[in-house]
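Below: the structure, in structure tokens.
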Amino acid sequence: MFACFLGTSLFLSCGHTRREQTLFTLLDKDSTGIRFENNVDDGRLDNSFLFRNFYNGGGVAIGDINNDGLPDIFFTSNMGANKLYLNKGNFKFEDITDKAGFRQDSMWSTGVTMADINGDGWLDIYVCNSGHMSDGNRRNKLYINNHDGTFTEEAAKYGLDIHAYTTQVTFFDYDGDGDLDCFMIDNSPIPVNTLNNANRRDLPDSAWPVGPMLKGGGDHLYRNDNGHFTEVTQSAGIHGSLISFGLGALVTDINGDGWPDVYVSNDSYERDYLYINQGNGTFKDELEDCMRHISMSSMGTDMADINNDGYPDLFTTDMLPGDDYRLKTTGSFDNINLFNSKLRAGFYYQFVKNCLQLNDRNGKFIEIGNYAGVSATDWSWGALMFDMDNDGYNDIYVCNGVNRDVTDLDFLNFFADNVYQKMALSGKKENIDVLLRKIPQTPLLSKCFRNLGDLRFQDIGPEWGFTHPSFANGAAYADLDGDGDLDLVINNENGPAFVYRNNARELNHHHYLGALLKADSPNTFAIGSKIRIYKDSQIFYREVIPSRGFQSSIDYKQIIGLGQLPAVDSLVVSWPDGQTSQIIHPTLDTVYTIHQPFNTRQKRPSLPPPSRGKPATPAATLLIPKKSNFDKHQEHDNVDFDFERNLPKMLSREGPKSACGDVNGDGLTDVYIGGTMGHPGQLYLQTPDGQFIKQP
1 MFACFLGTSL FLSCGHTRRE QTLFTLLDKD STGIRFENNV DDGRLDNSFL FRNFYNGGGV
61 AIGDINNDGL PDIFFTSNMG ANKLYLNKGN FKFEDITDKA GFRQDSMWST GVTMADINGD
121 GWLDIYVCNS GHMSDGNRRN KLYINNHDGT FTEEAAKYGL DIHAYTTQVT FFDYDGDGDL
181 DCFMIDNSPI PVNTLNNANR RDLPDSAWPV GPMLKGGGDH LYRNDNGHFT EVTQSAGIHG
241 SLISFGLGAL VTDINGDGWP DVYVSNDSYE RDYLYINQGN GTFKDELEDC MRHISMSSMG
301 TDMADINNDG YPDLFTTDML PGDDYRLKTT GSFDNINLFN SKLRAGFYYQ FVKNCLQLND
361 RNGKFIEIGN YAGVSATDWS WGALMFDMDN DGYNDIYVCN GVNRDVTDLD FLNFFADNVY
421 QKMALSGKKE NIDVLLRKIP QTPLLSKCFR NLGDLRFQDI GPEWGFTHPS FANGAAYADL
481 DGDGDLDLVI NNENGPAFVY RNNARELNHH HYLGALLKAD SPNTFAIGSK IRIYKDSQIF
541 YREVIPSRGF QSSIDYKQII GLGQLPAVDS LVVSWPDGQT SQIIHPTLDT VYTIHQPFNT
601 RQKRPSLPPP SRGKPATPAA TLLIPKKSNF DKHQEHDNVD FDFERNLPKM LSREGPKSAC
661 GDVNGDGLTD VYIGGTMGHP GQLYLQTPDG QFIKQP
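Going by my numbering, the sequence shown opens with residue 1, and the numbers climb by one from there.
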């Protein structure tokens with residue numbers, strides 16, 4: 001009897017143990033009512049051979065379109081209908097696409113942003129379009145909110161019915177006049193087979209000797225002139241070139257001077273752009289002055305403060321696999337000769353890896369992706385940095401997977417040796433869609449990294465509930481159910497969209513503060529505002545910038561995790577017009593609706609260019625730099641890999657040896673610096689006045 005009872009008890013304890021709840025729960029589509037799928041299939045007229053960005057997927061925008069306090073969701077589709085879902089509460093959504101006025105018009109939709117374009121206090125929806133290289137059927141759409149659950153398409157009225165290969169737009173006030181301007185990134189359709197175009201970076205696409213179907217690339221800036229948008233790309237210093245392969249655009253005040261800057265992540269051989277706002281209506285691309293190296297094929301990008309010092313840090317995704325099998329079977333790295341050719345051609349230091357750029361608080365960045373453990377996430381798209389577990393530190397989520405492994409080495413070899421040569425000889429491209437369907441497909445798990453608080457991250461995706469492989473592209477976050485943590489929505493290609501409920505408040509009971517900003521018209525949602533929560537030496541920092549990640553935009557309501565802090569000192573809002581609002585000792589676990597203070601100026605006046613950095617008080621230093629007349633060391637252009645293929649680095653580039661000593665017996669220390677082939681070592685004798693004179 002006892003043995004039987006014991007066996008029954010063990011069965012019950014093992015077979016009926018309740019599964020431990022994870023941080024995120026994937027909700028069933030039948031439960032939520034969100035049955036969206038972005039299905040993409042290669043055909044005769046539209047396929048990845050003819051259109052390079054065929055597998056880039058769609059985006060997600062989240063925002064409260066009817067001002068009922070619940071964030072709603074918009075998905076873009078490449079070959080099907082875009083969808084708008086109204087949040088009914090408790091993770092129940094209603095498909096209102098048709099009655100809201102959105103009709104399938106055969107556009108290849110990409111990025112989407114929710115913003116109040118006309119300043120009436122209601123969110124409008126801007127949809128970017130691309131593709132259709134054969135017929136040119138692409139034009140961006142602006143849907144104006146009618147306040148009754150319907151929208152009217154009015155892009156032409158506002159000057160935003162752009163005909164291009166647009167990836168995404170972001171709306172922000174770049175010139176400080178109070179209204180929202182538009183920054184647009186396009187992914188150029190030109191062939192990626194030449195390295196002689198860096199000198200064309202500032203040429204508009206109209207100046208390129210290509211056919212009309214290849215026009216429509218580059219970055220573009222449109223100034224808002226009383227409700228109509230005027231292009232000011234060239235005069236503002238923006239690269240409008242066809243070599244711009246824009247996949248991500250992120251606006252933030254990088255250097256803390258009060259003016260919004262722009263980072264653009266470019267795919268393929270073109271380097272990224274870092275446009276620093278000069279405060280006078282122009283930008284300057286300062287990437288090479290601020291970053292030592294960047295991702296090679298930069299995809300999505302996001303900026304957030306990862307170490308709570310009040311300065312935004314930058315993350316870009318690339319396509320470096322994290323496991324050895326895919327590293328060996330997909331893609332390839334540039335050999336040293338090609339790398340050097342790109343460097344000489346003006347494409348800067350680019351490496352196949354995700355880059356996490358740590359802001360050094362002086363307008364420059366230190367890349368710590370390898371140290372942080374976030375450098376390899378395979379073929380990655382959207383990158384979002386937000387506090388998933390409300391512990392007070394921003395974590396990293398990465399969308400992952402491409403519909404077909406177009407960099408599979410076996411397929412590339414087969415295609416080059418058999419198919420491409422035959423087509424080149426015959427001039428025929430028929431049945432290419434049949435071949436493309438044979439490319440391997442490998443759905444991947446999206447990656448999730450928990451911030452450990454010391455500039456390192458833990459790969460924790462499966463433990464937090466991300467266990468469903470897919471081809472994930474765009475993603476956005478919002479507190480969909482109003483419980484004080486951030487839920488996640490993902491647009492998958494050839495699979496159902498994912499809606500993840502965040503269980504942080506139930507599991508760890510971490511505290512939070514929420515802020516929803518209400519500003520004066522025309523920038524009613526306070527884009528560009530900064531929110532800082534202070535607790536002793538810690539700063540919890542957010543900027544109200546909706547367009548983030550890849551082809552997506554997040555909700556405007558900010559949820560800021562505070563971990564186990566029992567209280568904070570203050571919550572401070574810096575408004576775009578320079579005013580501030582402050583709440584002393586705010587009540588935790590509360591969402592504050594904060595209204596902009598009354599301002600008789602209404603608009604910030606045009607200001608002179610800001611000083612580049614804050615004046616510093618000289619401090620006593622141990623070492624003082626002194627100008628010298630030493631010649632610049634010249635390395636020998638030797639490629640070690642030509643002789644030792646397995647070297648991890650070129651040992652001949654470790655710099656010259658040097659030695660000090662009194663060579664001529666005059667009591668002064670002299671310097672000898674070693675040389676290289678063709679450039680002999682150099683001897684410098686010191687003079688009584690502290691100078692060094694080169695001697696044969």
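No residue lacks a Cβ here, since even glycine has one placed at the ideal position from N, Cα and C.
Could you spell out the range, first to last residue, of the beta strand (DSSP E) harbouring R292? Within the sequence shown, residue 292 is the residue found at index 292, counting from 1. Neither: R292 is in no beta strand (DSSP E) and is coded neither H nor E.
Does the pairing of the region 329–344 with the region 551–570 give three or more beta-carbon distances under 8 Å? no
Where does E463 fall in DSSP's three states? By 1-based counting over the sequence shown, the position of residue 463 is 463. Correct three-state label for E463: helix.
Simplified DSSP assignment, three categories, for E506: In the sequence shown, the residue the question calls residue 506 occupies position 506. Correct three-state label for E506: helix.
For M677 and L685, the rounded distance between their alpha carbons: Taking the first residue of the sequence shown as position 1, residue 685 is located at position 685. Taking the first residue of the sequence shown as position 1, residue 677 is located at position 677. Cα-Cα distance, rounded: 23 Å.
Between the alpha carbons of W122 and P625, how many angstroms are there, rounded? As a first step, residue 122 is located in the sequence shown; it is residue number 122 there, counting from the start. As a first step, residue 625 is located in the sequence shown; it is residue number 625 there, counting from the start. Their backbone Cα atoms lie some 57 Å apart in a straight line.
Suppose you measure from the CA of N664 to the CA of D689; what does that come to, to the nearest Å? The residue labelled residue 664 in the question sits at position 664 within the sequence shown. The residue labelled residue 689 in the question sits at position 689 within the sequence shown. Approximately 16 Å, taken between the alpha carbons.
Taking 8 Å as the threshold, find out whether the region 292–306 comes into contact with the region 234–244 through three or more Cβ pairs. no
I276 - partner residues in DSSP beta bridges: One-based indexing of the sequence shown puts residue 276 at position 276. Note: I276 sits in a beta bridge opposite K284.
When we look at the beta-carbon of Y222 and count the other beta-carbons within 10 Å, is it buried (16 or more) or exposed? Position 222 of the sequence shown, counted from the start, is the residue given in the question as residue 222. Y222 should be labelled buried.
Determine the extent of the alpha helix (DSSP H) in which G563 is found, giving its start and end residues. As a position in the sequence shown, residue 563 is number 563, starting the count at 1. First-last for G563: 558–563, but that is the beta strand (DSSP E), not the alpha helix (DSSP H).
Can you tell which of A372, R139, N197 has the C-alpha that lies nearest to the C-alpha of K342? Here residue 342 refers to the residue found at position 342 of the sequence shown. Comparing Cα positions, the closest option is N197.
Please return the same chain residues whose Cβ sits closer than 6 Å to the Cβ of L314, not counting the five positions on each side in sequence. Walking along the sequence shown from the start, residue 314 turns up at place 314. So the list reads M303, Q357, once near-sequence residues are dropped.
Reduced DSSP secondary structure (H/G/I, E/B, other) of A236: By one-based count along the sequence shown, residue 236 stands at place 236. A236 falls in the coil class under three-state DSSP.
What are the uninterrupted segments assigned as beta strand (DSSP E) that are 3 or more residues long and contained completely in the region 374–400, given in chain order? 380–386, 395–400
Starting from T329, trace the alpha helix (DSSP H) both ways and give me its first and last residue. In the sequence shown, the residue the question calls residue 329 occupies position 329. Looking at the DSSP string, the run of the alpha helix (DSSP H) that includes T329 is 324–329.
Is the separation between the beta-carbon of D249 and that of S547 shorter than 8 Å? As a position in the sequence shown, residue 249 is number 249, starting the count at 1. As a position in the sequence shown, residue 547 is number 547, starting the count at 1. Looking at the sequence provided, one finds Ala at residue 249 rather than Asp. Yes, the Cβ-Cβ distance between A249 and S547 is below 8 Å.
Closer than 7 Å: is that where the CB of F414 sits relative to any heavy atom of the ligand MG? Looking for the ligand MG in the displayed structure turns up nothing, as the structure carries no ligands at all.
Alpha carbon to alpha carbon, what distance is there between S658 and K694? Along the sequence shown, read from residue 1 onward, the residue named residue 694 stands at position 694. Along the sequence shown, read from residue 1 onward, the residue named residue 658 stands at position 658. Roughly 14 Å separates the two Cα atoms.
C-alpha distance - I125 paired with D479, whole-angstrom precision: If you number the sequence shown from 1, residue 125 lands on position 125. If you number the sequence shown from 1, residue 479 lands on position 479. If I take the Cα positions, the gap works out to 20 Å.
Pick from T22, D642, E635: whose alpha carbon is nearest that of G681? For this step, residue 681 is matched to residue 681 along the sequence shown. Closest option to G681, Cα to Cα, is E635.
Compute the Euclidean distance between the alpha carbons of I396 and V352, then round it to the nearest angstrom. One-based indexing of the sequence shown puts residue 396 at position 396. One-based indexing of the sequence shown puts residue 352 at position 352. Near 19 Å, if we compare the C-alpha coordinates of V352 and I396.
In terms of residues, what are the limits of the alpha helix (DSSP H) holding F24? Taking the first residue of the sequence shown as position 1, residue 24 is located at position 24. From DSSP, F24 is part of no alpha helix (DSSP H) but of the beta strand (DSSP E) over 24–26.
Enumerated in chain order, which unbroken segments of the beta strand (DSSP E) with a length of 3 residues or greater are wholly contained in the region 68–156? 72–75, 83–89, 92–95, 108–115, 124–130, 141–145, 151–153
What residues are listed by DSSP as bridge partners for V591? Mapped onto the sequence shown, residue 591 falls at position 591. Answer is G514, bridged to V591.
Pull up the distance between the alpha-carbon of V499 and that of L26, whole angstroms please. Here residue 499 corresponds to residue number 499 of the sequence shown, with the count starting at 1. Here residue 26 corresponds to residue number 26 of the sequence shown, with the count starting at 1. V499 and L26: Cα-Cα distance of roughly 6 Å.
Looking at the unbroken alpha helix (DSSP H) that takes in I336, where does it start and where does it end? The residue you call residue 336 lines up with position 336 of the sequence shown. I336 -> alpha helix (DSSP H) spans 336–345.
Would DSSP call V406 helix, strand or coil? The sequence position of residue 406 within the sequence shown is 406, counting from 1. Correct three-state label for V406: coil.
Flag this pair as yes or no: are the beta carbons of D285 and Y273 separated by less than 8 Å? As a working note, residue 285 is residue 285 in the sequence shown. As a working note, residue 273 is residue 273 in the sequence shown. Contact: yes.
Neighbourhood of R612 by C-beta, 7 Å cutoff - its chain only, sequence neighbours within 5 removed: Looking up residue 612 in the sequence shown gives position 612. Caution applies to R612, whose pLDDT of 35 falls short of 50 and renders its modelled position unreliable; the model cannot decide the point.
Should V60 be labelled buried (16 or more other beta-carbon atoms within 10 Å of its own) or exposed? Looking up residue 60 in the sequence shown gives position 60. With 16 or more Cβ atoms within 10 Å of its Cβ, V60 is classed as buried.
Could you tell me the alpha carbon to alpha carbon distance between S297 and L668, rounded to whole angstroms? On the sequence shown, position 297 is the one that residue 297 refers to. On the sequence shown, position 668 is the one that residue 668 refers to. Near 52 Å, if we compare the C-alpha coordinates of L668 and S297.
Own chain partners of K215 with C-beta closer than 6 Å, once the 5 adjacent residues on each side are dropped: For this step, residue 215 is matched to residue 215 along the sequence shown. Contacts found: D205.
Please go through the region 171–249 and give each complete alpha helix (DSSP H) segment of 4 or more residues, from N-terminal end onward. none
Strand pairing of V60, partner residues [DSSP]: Locating residue 60 in the sequence shown gives position 60, where the first residue counts as 1. Its beta-bridge partners are F75.
Residues that DSSP places opposite Y541 in a beta bridge: By one-based count along the sequence shown, residue 541 stands at place 541. According to DSSP, which records beta bridges pairwise, Y541 is partnered with R532.
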